[in-house]
Amino acid sequence: MGLTGRPGPALLQLRHVLLNFGADLYRFVPSTGALTKNHNTFDGIPSLAFNPANPKILYLGLAEER
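Quick note: the sequence shown, position 1, residue 2 per the numbering used here, numbers continuous.
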């Protein structure tokens, strides 16, 4: 659910345990059924936080474990 109580885009992070794989961040939009994936070289995204002044902005806390 979005912050307005209506269904909104959902984010899901998938972390693989393979060394040096990185992390995949998925975005699902219920209204269209669209699913997109972004890959980065970081090992995980352990933290997510919305900007209190603009809830459309999402901050990702990235982790790198080498």
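The C-beta atom is built at its ideal place from N, Cα and C for all residues, glycine as well. Note that the structure is a prediction, hence the values are computed from the model and not measured.
Let me check one thing: in DSSP terms, what residues is N39 bridge-paired to? Partner(s): L26.
Using the DSSP secondary-structure output, state which residues sit across from A50 in a beta bridge. For A50, which the question treats as bridged, DSSP gives the partners Y60.
Rounding to the nearest angstrom, what Cα-Cα distance links A24 and F51 in this structure? Spanning the two alpha carbons is a distance of roughly 20 angstroms.
Check: If we call anything under 7 angstroms between Cβ atoms a contact, is L36 one with F43?
Finding: No, they are not a contact pair.
(Q) Distance check for G34 and P47, CA to CA, integer angstroms please. (A) Looking at the backbone, the Cα of P47 and that of G34 are separated by about 26 angstroms.
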